[in-house]
Amino acid sequence: MSQTVFAPWENPDEKPLIRFQNVTKRFGEFTAIDDLTLDIYAQEFFALLGPSGCGKTTMMRMLAGFETVTEGRIELAGQDIGHVPPNERAVNMMFQSYALFPHLSVWENIAFGLKRDKKSKGEIEARVEEMLKLVRLEKFARRKPHQISGGQRQRVALARSLAKAPKLLLLDEPLGALDKKLRQETQFELMDIQETTGTTFVIVTHDQEEAMTVASRVAVMDEGLIVQVATPAAIYEYPNSVYVADFIGDVNIIEGQVSPSGDGEYALTWNEGQSPIEAASQTVFSEGQKAHLAIRPEKIRISTEKPEDAVNAMQGKVLDIAYLGNLSTYHVELPGGQIIKAQTANTRRLARRDITWEDPVWISWSATAGVMLEQ
Amino acid sequence: MKRMSWFNVTSLTLGFAFLYLPMVVLVIYSFNSSKLVTVWAGFSTKWYGELFQNEAFLDAAWVTIKVAVVSSTFATVLGTMAAYVLVRGGRFMGRTLFSGMIYAPLVMPEVITGLSLLLLFIGIGLDRGVLTIVLAHTTFSMCYVSVVVSSRLVSFDRSLEEAALDLGSTPWEAFRLVTLPIIAPAVISGWLLAFTLSLDDLVIASFTSGPSATTLPIKIFSAVRLGVSPEINALSTIMILIVTVGVVTASLVSKQSAIRAQKDARAAERAD
Amino acid sequence: MRRTALIAVPYLWLMVLFLAPFLIVLKISLSDAALAIPPYTPTFKDGIGALIRELDFENFVFLTEDDLYWKAYLSSFRIAFISTVLTLLVGYPIAYGMAKAPDEWRATLMMLVILPFWTSFLIRVYAWMGILSNEGLLNQLLLWLGLTSEPLVILNTTTAVYIGIVYTYLPFMILPIYAALDRLDASLDEAAQDLGCTRMQAFWLVTIPLSKNGIVAGSFLVFIPALGEFVIPSLLGGSGTLMIGKVLWEEFFNNRDWPVASAVAVILLLLLIIPIVLFQRNQQKQQEAEQ
């Protein structure tokens, strides 16, 4: 790996900025976070991803100081911050609702935290101007929050939380209130700002696309546990479980029994009467073990004639076609009744649409197209 | 625009006539020159003149205003504290008793509240006068204030307070700089409600006042027991006028701010 | 530390000035009247032992023996109940009309309902004295129209008390009903008519059931204070109008029988507990429904 790639988590000498050590959080009988251990490094853009109720917001609120830890400890730059109240932590948060103070102007909102630090007037003014410039809101400094648009409010919230130059910035669903187009633009803006300021960002989101776009690493959570922590590419291409594969993007899951055919190659028996699927795997499986093969739809080719060179090929019938503009997804029913999704890019405007409903088609993929998962 | 049905127009007209005619009649007869309030004998403002020379009424009015200002101010402070405790206080010993004590005075017949407070003041040997009325009014109007303020606090976005803490405020600073300015309209209407309740109160004041302090409602009550009097009509007219000006102004202000909010919302849409 | 102080101040205030007075009322209701200052015995000066020995239920027994009291309770209940029904009948059409009024009228109508609420209660009751008296405006009108040849006696009767209660408590009935009707989706009514209801049926089958919470809340807001009402019966009612608030007042101020007045208060409080609990439950249900 080259030196320029940012990957402090692969360097054993690197000290993490934040360290969760066996953290458990209970609300009465309910366990929100279950014995969780996690390191986040300085300058990372770290995403906590999961469905609602998975514990991601609780983790963020523990970092901000709004929830106490039931068991275990949380360290920030080597210091236990378990009992530090929120107003004394070098951590700032951007709230899901933005929580802009409605009675204060944009300028005063951004200055709020600086004033609490008893900074001099000149210092405060300089810093607020700097932040306004960063989020391109110089013209709106005197406006009240309800006099600016949703996208601008989002930027004020960001500027306000960055004004104190925190060691760590927490973002709770920062783009949830924006419409899709604005959200995509803002994602890149967030990444730019993160890079410019060099602040460590921890973002909470339920939107997998957002997490994949902005984050250096993503932690996929489920019911108080972290299922997988990895870079977006690794999460997508090498999910460690059916849960992760299914949560991120679209996937076909084929269940079967494996028998090793040597050199990391396996044959997956999945349906009576069909020939076994050949698949490569880095994880070692034993003879007769149950396995799930996860294949992304775009890794499956679809054709009207039997492909000559394909390792895995099978015939089916087109059940449904979803035309998405840039892509088309075909739902192909196999003789056993299983439905496989295959996706092709519509690279030409006037393509031959030679495949239509009820057509017999061939689908095929290579041995390395999918991932074999134990569970 | 929606057209209203004949039935709705009639019920609104009759309903508001019922609500307002008695007061209109009262106001008109305050300008009657005859002492006999039921016979119209020409326009005159002499009852207003007599009213302003009636020392007893003026004294009572002064006592009433003093009591109302002091008690509503105390009630607002205590009621806001109580509302904050109820909405944000979390769990503490005797919380149920506390919320019970906040809500009970709202439905308590005034005769009972008055009687019980009087018996307390006698029991602890406190001389009845302005002080006892203030204590009594503070107690029952703080409950109204706390209901008004807590209904605002319930709908208050808690993340605003958290944001203030997150940006380095102490809890007291967060309350003073963020919570209080935002709930101020509710606190002010709580104060106004407490003020009006105190101005209005006859029953509790009758129990808790002594010979040294007579409030206006007590004075009015003892006068009207003997029958209708044009002087009282004049006094009522002044009081109705003050309330009307106050309420109409308040509603115009809130209408203005609603219009401004709409404009702002439109400006915000264009701001992108 | 700060939190403790924040809780303690209003808490102690209410303990001393709300809860303690009730305990005193309860204690005095068990004492005997005496020609002394304070006019009851025993007092705390007599010592705890004497206190416990001499407290008894004599006053409560007295209340059951003298039919003035239970008649007053009964009559208060009847008057409060009938006035509540009347207020509902007057208030519902007004609230309904407001909810159906054009949007630009709503704020003004709302203000018109709230305005009397800020106006002195005493003055609003007093306004009716001049209208209802024998030579009053109403009788002048009736005579002029030839509807009656003799002035009707209305003032100092129970009828005048009904009018007074309906008039003064009307805003308390209108506001919760209006709030409930205002939340109603207009398309519900249209849907009912679309499914074959006449307008009247739609009103009975959809609008009324859905405004039930407002009706219940408004009714309790009228019934509960009307039960202990003092000003209205003493200004508009006559000697024939028995209401318990007035009895308590007279027992205390005119007869100076503090123990009996206290016993009257204790019973009134016990009677009020049922409607208050029902009211609270209705409010809670409504809050839960809103969430």
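The listed protein sequences correspond, in order, to chains A, B and C.
To convert a position in the first sequence, counted from 1, into this note's numbering, add 39.
To convert a position in the second sequence, counted from 1, into this note's numbering, add 84.
To convert a position in the third sequence, counted from 1, into this note's numbering, add 1.
Backbone N, C-alpha and C define an ideal beta-carbon position, used for all residues, glycine too.
Check the Cβ of residue i against every Cβ in chain B and list those closer than 8 Å, keeping chain order.
i	result
A103(A)	E246 and D250
G219(C)	Those do not exist, as G219(C) stays about 14 Å from chain B at its closest Cβ, beyond 8 Å.
K203(A)	L251 and G252
Identify, in the order they occur along the chain, each residue of the same chain with its Cβ nearer than 6 Å to the Cβ of residue i, setting aside the five sequence neighbours on each side.
i	result
E224(A)	none
R340(A)	S403
S320(B)	L110
M85(B)	Because the pLDDT of M85(B) is 40, which lies under 50, any placement of that residue in the model is unreliable, and the number read from its coordinates should be weighed accordingly. Counting only Cβ-Cβ distances below 6 Å, and skipping sequence neighbours, we find nothing.
Y70(C)	L64
A408(A)	I334 and K338
How about residue i and residue j: are their beta carbons less than 7 Å apart?
i	j	result
F134(A)	S255(A)	no
V257(A)	A116(A)	no
M170(A)	A150(A)	no
V218(B)	S156(B)	no
L300(B)	A144(B)	yes
A166(B)	P11(C)	yes
K345(A)	W309(A)	no
A278(B)	A159(B)	yes
W259(C)	I83(C)	no
T109(A)	T63(A)	yes
D78(A)	R58(A)	yes
A227(C)	A81(C)	yes
V387(B)	A297(B)	With chain B running from 85 to 356 in the structure shown, residue 387(B) is simply not present.
A381(A)	P315(A)	no
G252(B)	G152(A)	yes
R318(A)	A406(A)	First, the residue type needs correcting, since residue 318(A) is Ala and not Arg in the sequence shown. Contact: yes.
E315(B)	L204(B)	no
E246(B)	F240(A)	no
W119(C)	V327(B)	yes
Run down chain B in chain order and give the residues with a C-beta less than 7 Å from the C-beta of residue i.
i	result
H142(A)	P265 and I266
W250(C)	V195
G152(A)	L251 and G252
Going by alpha carbons, who is nearest to residue i out of the options?
i	options	result
L269(C)	G229(C), A161(C), I80(C) and A192(C)	G229(C)
S320(A)	S136(A), Y362(A) and S298(A)	S298(A)
V217(C)	C198(C), L89(C) and A21(C)	L89(C)
Y369(A)	L358(A), E114(A) and R388(A)	L358(A)
L87(C)	I175(C), K286(C), S235(C) and S240(C)	I175(C)
M101(A)	L88(A), V123(A) and G152(A)	V123(A)
R79(C)	I245(C), L249(C), F63(C) and I274(C)	I245(C)
N365(A)	R388(A), E326(A) and N50(A)	R388(A)
Y277(A)	E68(A), L412(A) and Q226(A)	L412(A)
V151(B)	V332(B), H221(B) and S183(B)	H221(B)
A6(C)	Y168(B), T97(B) and M88(B)	Y168(B)
D218(A)	Q193(A), P205(A) and T235(A)	Q193(A)
V147(B)	P314(B), A342(B) and D284(B)	D284(B)
V262(B)	L249(B), S117(B) and I149(B)	L249(B)
S226(B)	G133(B), R172(B) and L162(B)	Correcting the residue identity first, residue 226(B) is Met in this sequence and not Ser. Measuring from the Cα of M226(B), the nearest candidate turns out to be L162(B).
V171(B)	F205(B), Y132(B) and V232(B)	V232(B)
G239(C)	V17(C), I8(C) and M130(C)	M130(C)
Kindly list, in the order they appear in chain B, the residues whose Cβ is closer than 9 Å to that of residue i.
i	result
N126(A)	A248, L249, D250, L251, G252, S253, T254, P255, E257 and A258
H185(A)	A345, D348, A349 and A352
Quick one: residues in its chain with C-beta nearer than 7 Å to the C-beta of residue i, no 5 flanking neighbours on either side, listed in chain order?
i	result
W14(C)	none
A96(C)	I175, I178, Y179 and L182
P399(A)	Q354 and K356
E326(A)	S298 and P299
L115(B)	Reading the sequence as shown, one finds Phe at residue 115(B) and not Leu. Around F115(B): F127, S128 and T129.
Can you pull the chain C residues whose beta carbon is under 7 Å from the beta carbon of residue i, in chain order?
i	result
L219(B)	L18
K339(B)	A108
I'd like the list of long-range same chain contacts for residue i, defined as Cβ closer than 8 Å, with 5 residues on each side in sequence excluded.
i	result
N92(B)	none
W146(A)	V167, L171, A180 and R181
A290(C)	N214
S367(A)	I360, A361, Q382, T383 and N385
Report the neighbours of residue i on chain A: residues whose CB is nearer than 8 Å to its CB, in chain order.
i	result
D241(B)	S136 and A138
>> At 4 residues or longer, what runs of the alpha helix (DSSP H) sit wholly inside the stretch 180-228 of chain A?
In response: Fully contained in the stretch 180-228 of chain A are the following alpha helix (DSSP H) runs of length 4 or more, in chain order: 189-201.
> Which runs of the beta strand (DSSP E) spanning at least 3 residues fall entirely within the stretch 150-192 of chain C, listed in chain order?
Replying inline: none
> Unbroken beta strand (DSSP E) runs of length 3 or more, entirely within the stretch 289-345 of chain A: which are they?
Replying inline: Counting only runs of at least 3 residues, the stretch 289-345 of chain A fully encloses the following beta strand (DSSP E) elements, listed from N- to C-terminal order: 291-301, 304-308, 316-319, 329-334 and 340-342.
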